[in-house]
Amino acid sequence: MSVDNTQVRVGVSGAVYVAPVGTTAPTDPYSSWGAGWIDCGYVTEDGLTEALNESRQEFKAWGYNAAIRTQVTDRTSTFKVTFQQTSYLTASLFYGVDVADMTSSGSGGTQYLSFNEAQNSEPMYYALGMDVLDGDHPKRIVVARAEVTEKGDLVYKSDSVVSYELTFTALSAPSGGSAISHMIGQVALPA
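Written as structure tokens, this is what we have:
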């Protein structure tokens with residue numbers, strides 16, 4: 232492989248989308264997100280952090296110091312992002328409240344959103360879509376089923392934006408499909 236500076240990527244900007252599990256996702260990194268996908272809004276300048284953690288079991292032979300085989304026993308993919316918009320969607324994701332259980336009241340300057348947090352809320356699952364853009368070099372990640380598994384603190388003060396730090400964990404896909412799809416624009420296999 233030769234040195235090629237066109238393959239050096241920067242996550243200049245991007246977007247994060249959620250949809251009900253089973254919503255049809257784009258099949259390439261260039262198409263628009265279809266019906267059912269909702270843009271979660273502004274993301275902090277920290278962007279998106281993707282982590283892949285694996286645990287392995289080592290198998291050793293009698294009389295040998297080194298492993299003769301390893302086997303992945305656990306694999307977890309997470310996606311951490313901090314949203315800057317206070318909306319029904321960020322409130323739903325952060326508090327784990329279904330949008331159907333929220334109420335919008337009033338109008339104009341007296342409009343407000345209200346909801347109650349459940350004592351024993353059930354997990355909420357989403358299809359998750361992420362675009363990372365560097366000019367005309369997109370990377371698209373689609374997670375068939377994800378859950379919000381970590382939440383940062385909400386800070387209310389005059390010198391910072393209220394931000395919703397969320398970590399999504401990829402779960403097994405419904406009906407045995409692919410859990411995570413990666414599409415990287417303008418990267419080709421060797422001829």
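Residue numbers 232 to 422, in my numbering, belong to the letters of the sequence shown in order. Even glycine gets a Cβ: it sits at the ideal position worked out from N, Cα and C.
Three-state secondary structure (DSSP) of residue i
{"i": "residue 345", "result": "strand"}
{"i": "residue 238", "result": "helix"}
{"i": "residue 248", "result": "strand"}
{"i": "residue 254", "result": "coil"}
{"i": "residue 321", "result": "helix"}
{"i": "residue 331", "result": "helix"}
{"i": "residue 336", "result": "strand"}
Beta-carbon spacing of residue i, residue j below 8 Å
{"i": "residue 365", "j": "residue 242", "result": "yes"}
{"i": "residue 382", "j": "residue 325", "result": "yes"}
{"i": "residue 321", "j": "residue 271", "result": "yes"}
{"i": "residue 275", "j": "residue 391", "result": "no"}
{"i": "residue 312", "j": "residue 323", "result": "no"}
Contact set for residue i: own chain, Cβ-Cβ below 6 Å, skip 5 residues either direction
{"i": "residue 253", "result": "none"}
{"i": "residue 260", "result": "369, 371, 414, 416"}
{"i": "residue 302", "result": "288"}
{"i": "residue 335", "result": "344"}
Cut-off 7 Å between Cβ atoms - residues of its own chain near residue i, not counting five sequence neighbours on either side
{"i": "residue 268", "result": "248, 250, 254, 360"}
{"i": "residue 298", "result": "289, 290, 291"}
{"i": "residue 408", "result": "375"}
{"i": "residue 405", "result": "252, 253, 375, 376"}
Supposed contact pair residue j and residue i - C-beta distance, whole angstroms, cut 8 Å
{"i": "residue 319", "j": "residue 344", "result": "6 Å"}
{"i": "residue 285", "j": "residue 305", "result": "7 Å"}
{"i": "residue 316", "j": "residue 273", "result": "5 Å"}
{"i": "residue 373", "j": "residue 412", "result": "5 Å"}
{"i": "residue 257", "j": "residue 265", "result": "7 Å"}
{"i": "residue 355", "j": "residue 327", "result": "6 Å"}
Sequence-distant residues of its chain with Cβ nearer than 8 Å to residue i (five each side left out)
{"i": "residue 403", "result": "376, 410"}
{"i": "residue 380", "result": "309, 398, 399, 400"}
Paired residues, beta bridge with residue i - DSSP
{"i": "residue 279", "result": "312"}
{"i": "residue 286", "result": "305"}
{"i": "residue 361", "result": "247, 372"}
{"i": "residue 414", "result": "371"}
{"i": "residue 392", "result": "Beta-bridge pairing links residue 392 to no other residue."}
{"i": "residue 356", "result": "378"}
{"i": "residue 274", "result": "314"}
{"i": "residue 385", "result": "Residue 385 pairs with nothing; no bridge assigned."}
{"i": "residue 269", "result": "249"}
{"i": "residue 397", "result": "312, 382"}
{"i": "residue 298", "result": "291"}
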